[in-house]
Amino acid sequence: MNDPVEIPPSSRRGFLGLCLAGGGSFGLAACGPGEVVCEIGNWALPVKPAGVFFDCLQMSVMSDAANLIVGEGEWPTADDAQVVTYLDQIFGEWAGPDLKMRMSRLPEHLDNFAVQQQGRAYVQLDQEMRSETLSRYDAAAFADRKDEANATYIEFKSLVLKIYNTSAEANRDFVLVPGEYIGNLSASEHLELVRAKALDFAG
Amino acid sequence: MSAQADTDFDAIVVGSGITGGWVAKELCERGLKVLVLERGRNLDHPSAEYTDFEAPWELEYRGMVPDYLAENDRYEMLRRKRHIYRNEHRQFFVDDAEHPYSFPEDRPFMWTRGYQLGGRSLTWARQCYRWSQKDFDANRKDGHGSPWPIGYEDLAPWYSKVEAFAGISGNADGIDSLPDGEFLKPWGMSAAEDQIAANLRKERPDRPMIIGRCANLTEDHEPSNAFGRGVCQARSRCSSGCAYGAYFSSLSATLPAARLTGNLTVVTDATVESVVYDAKQRKVTGVRAIQSVDGSRETYSGKIVFLNAGSLNSVHLLMNSQGAQHPSGLANSSGMLGAYIMDHFGGSGASGDVPGLDDRYAFGRRPVGIYVPNYRHEQLGDADFLRGFGFQGSAQQRKNEKPGANGPGIGEELRQKGQKGPRWRMSLFMYGEMLPYEDNRASLHKTKTDKFGIPLLHMDCEGRDNEKKMRAQGAKDAVDLLTAGGCVNVREIAPEPDAFVMLGERTHEMGGACMGADPRSSVVNGMCQTHDIANLFVSDGAVMASCGTANPSLTYMALSARAAHHAADLLQEGKL
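As given, the protein sequences belong to chains V and A, one line each in that order. Those letters in the first sequence? Residues 0 to 202, per numbering that gives the first Met the number 0, in order. Those letters in the second sequence? Residues 0 to 575, per numbering that gives the first Met the number 0, in order.
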């Protein structure tokens, strides 16, 4: 296991400078890992407290993006599945120094794009605009995977999906010990078996 | 369980994997005092290292291998096997950075290893197929490699023996190129596979699609009861270790059977660096091993020595046992030690949607897929290559309830993408038989050594034009099979025609100490006994003279059991 790596402050300073240049005016002076004080007066997105590894800006932006990626409907949200909370918990010991650096800059990349597209920082956009911005960013990222910022987003999305898809919340019909394989069942026969054997059947 | 009280044995078995386990069991049951030396750590069965009872959300890091390992160039080759590179069973695979080997920069070789008691038998794919006489005839027929000195009839009773003990599920399919065996009840096909198989019986009767035969117990199996092995629970978590012991491994079956005799000693954490040769007697007298813990060296004596370290490690060991009488390696008077390295190769195939079954579902996670045995033993009109290929694959259900794989789109758009198309999609992947090439070689690296000062094994191998042509035909055939099977939206999987054919991707590396009748062109005889040294045996994949298309482990097991009894006979008769 490697040692947790401190993220050099230059990335956040750069981020702040960029946002200010683009018209953003939110403050982050006291917001670091383990701290919960963010100057969030003009944020439009739900604020998350700083985590073990990520600061409150990173936690907030990543949680928002994860929720938009997973979407809302008749299924658990990324927040329900604690996706970014889990990512934050493991990131210090799981990720390597390069990935830590890259992922810490994700809000900065999103913000650059938001400023370019909408004239405002990502955190200042309302939900509809954030969804539209992320959707465009997603399309642009997959169209040019070699760009470092795009590659970082794709890595983030991959992690979000892996964590979500392996969460208890997204696997309420998971059968740990099926006991048998039957390859040709009707929907009702299948449902009956899952209902009988799933760990936490959700219907 | 390490023991060093005794250093004199009737037999020494180097390696505790699938073949070492069989040799140990058979020799112990014949009454010989046997030492098994394993370079890796001890594992009990069931082991605290098994993770098979953890739900996906309970797995450390959710099964994602720590990213920092990749950043530090660890597990360089295993990372390419994305379906295997999982954190929950990473402990059962070797990190190349800890146990390096070498290859030319432009000809990489993928060597997947497992250094623990039980070796790769913990993580093998468990598919078990008898080879047919056509496989044993291949070298003689087209003149490549060393002709096999044995045929199907020589091995048939030994196939039966190992199947009856291991517990192999399957159908008696009555296919010439894939002899039937002693089977437990087969796994069922899915509705989609059944439909395609039925269509192929009508449309391509020479290319049957059958359910795979595998070493997972499908029913109560009396020979396994003594070792507490239970019926497979369809969890598909085999590589994480199986607390039920439902799949065959040396850890769950052969080593416990050997222990029951009271004749087995196992020493773990001991890397055998060389075989000791006595020039006066013209026999081997034992092996020298390095204890991993402190680097100290120990010599173990035995009347016979079996090398079952895994094909390449057995070859490596013979090469590193070079001496004044055998400067190019022990048992290498032919000069063929290290030659004819082979592997099954693939890279091509196809996938297609299966229409009409959107209301049919499968329950459980079957530990084996379908199998299309080699139907190209005889050269067909469209073949511009020698030998043939088969297919493995399965029909998968689309998962509508979760967002799909990482691709463009967010939210509803991402979910919709995962839901497009029929419920079932069938995939086929080619398994080709490569030709044995004498210059596909393993050798000792001239300058690089491992942490013990042993020269690294250097692999210089690749598939050639024959394999590339076969791979191209494999993609065409896969499309044809799926189309004839009734699939729609069939997508061909075909690499660039000249793309490098890397060996080791199927983890079926074999050859290097090939079997043959002629001591001038082969390393071992038909009984896995080295031509040069009567009491030295090799009975893992190193002895394979050709690679066939069927998964080779069952043949390794049969060869090993047969060789062990032959060695015991010779010892009893005072001939060793």
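All C-beta atoms in this analysis are idealised placements derived from N, C-alpha and C, irrespective of residue type, glycine included.
Environment of residue i [buried if 16+ CB atoms lie within 10 Å]
i, result
"Ala225/A", "exposed"
"Ala338/A", "buried"
"Thr18/A", "buried"
"Pro204/A", "exposed"
"Lys145/V", "exposed"
"Glu191/V", "exposed"
"Gly380/A", "exposed"
"Glu192/A", "buried"
"Val367/A", "buried"
"Ala394/A", "buried"
"Arg386/A", "buried"
"Leu184/V", "buried"
"Pro551/A", "buried"
"Ala562/A", "buried"
"Gly301/A", "buried"
"Pro8/V", "Residue placement at Pro8/V is flagged as unreliable, the pLDDT there being 35, under the threshold of 50; the coordinate-derived value follows with that caveat. Exposed."
"Val292/A", "exposed"
"Val69/V", "buried"
"Asn41/V", "exposed"
"Pro326/A", "exposed"
"Asn331/A", "buried"
"Phe305/A", "buried"
"Thr267/A", "buried"
"Gln324/A", "exposed"
"Asp72/A", "exposed"
Neighbourhood of residue i by C-beta, 8 Å cutoff - its chain only, sequence neighbours within 5 removed
i, result
"Tyr49/A", "Ser239, Gly240, Cys241, Ala242"
"Ala186/V", "none"
Other residues of its chain near residue i: CB distance less than 7 Å, five sequence neighbours each side excluded
i, result
"Glu34/V", "Low confidence applies here, because Glu34/V scores a pLDDT of 48, under 50, leaving its location unreliable; read the following figure in that light. Taken in chain order, the residues that qualify are Ala49."
"Thr132/V", "Phe112, Ala113, Gln116, Gln117, Tyr121, Leu124"
"Ala23/A", "Val12, Val33, Val35, Thr253, Leu254, Ala257, Leu263"
"Phe579/A", "Outside the displayed span of chain A (0 to 575) sits residue 579/A, for which this structure offers no information."
"Met128/V", "Gln117"
"Ala20/V", "Confidence is the limiting factor: at Ala20/V the pLDDT is only 35, short of 50, which leaves the residue's position unreliable and the question unanswerable from this model."
Close Cβ partners of residue i (< 6 Å) along its chain, the five nearest in sequence each way excluded
i, result
"Asn664/A", "Residue numbering for chain A in the displayed model covers 0 to 575; residue 664/A lies beyond these limits and cannot be assessed."
"Phe91/A", "Gly113, Leu121, Thr122"
"Leu77/A", "Tyr84, Phe92"
"Ser347/A", "Met429, Arg470, Gly473, Ala474, Ile492, Ala493"
"Gly23/V", "Because the pLDDT of Gly23/V is 36, which lies under 50, any placement of that residue in the model is unreliable, and the question is left without a value."
"Thr554/A", "Trp130"
"Ser62/V", "Lys47, Val83"
"Lys282/A", "Asn534"
"Phe384/A", "Asn465, Lys468, Met469"
Paired residues, beta bridge with residue i - DSSP
i, result
"Ile174/A", "Leu177/A"
"Gly351/A", "Met425/A"
"Ala394/A", "Met425/A"
"Phe305/A", "Val12/A, Phe536/A"
"Lys282/A", "Asp277/A"
Within chain A, partners of residue i - CB distance below 9 Å
i, result
"Leu44/V", "Going along chain A, no residue has its Cβ under 9 Å from Leu44/V, so there is no contact; the nearest lies around 15 Å."
Neighbour list for residue i in chain V, Cβ cutoff strictly below 8 Å
i, result
"Asn405/A", "Ile153, Lys156, Ser157, Leu160"
"Glu70/A", "Gly95, Pro96, Asp97, Leu98"
"Pro402/A", "Ile68, Val69, Gly70, Leu160, Tyr163, Asn164"
Chain-ordered chain B contacts of residue i [CB-CB under 7 Å]
i, result
"Asp78/V", "Checking the listed chains, one finds no chain B in this structure; the protein chains it contains are V and A."
Under 7 Å by beta carbon: chain V residues contacting residue i
i, result
"Pro65/A", "Trp93"
"Arg414/A", "Gly70"
"Met188/A", "Gly182"
"Glu466/A", "What Glu466/A touches in chain V: nothing, since even the nearest Cβ is about 31 Å away."
Closer than 9 Å at the beta carbon, the chain V residues around residue i
i, result
"Asp172/A", "The contacting residues do not exist; Asp172/A stays about 18 Å from chain V at best."
"Asp193/A", "Gly182, Asn183"
Contacts of residue i in chain A (Cβ-Cβ under 8 Å)
i, result
"Ile39/V", "Those within 8 Å of Ile39/V in chain A number zero; the least Cβ separation is about 24 Å."
"Thr165/V", "Pro55, Trp56, Leu58, Arg61, Gly62"
"Asn111/V", "Those within 8 Å of Asn111/V in chain A number zero; the least Cβ separation is about 18 Å."
"Pro177/V", "Gln232, Ala233, Arg234, Phe362, Gly363, Arg364"
"Asn170/V", "Ala54, Pro55, Trp56"
Listed by chain order, chain A residues near residue i by CB distance under 7 Å
i, result
"Leu198/V", "Ala54"
"Ala186/V", "Asp358, Tyr360"
"Gly50/V", "In chain order: nothing, as chain A lies at least about 16 Å away."
"Asp143/V", "Correct list: empty, because the minimum Cβ distance to chain A is about 12 Å."
"Asp125/V", "Here the premise fails: no neighbours, minimum Cβ distance about 16 Å."
Supposed contact pair residue j and residue i - C-beta distance, whole angstroms, cut 8 Å
i, j, result
"Lys201/A", "His376/A", "No, Lys201/A and His376/A are not in contact; Cβ-Cβ is about 23 Å, not under 8 Å."
"Leu456/A", "Leu311/A", "6 Å"
Contact test: residue i Cβ vs the ligand NAD heavy atom, cutoff 7 Å
i, result
"Ser426/A", "As presented, the structure is devoid of all ligands, the ligand NAD included, so that no description of it is given."
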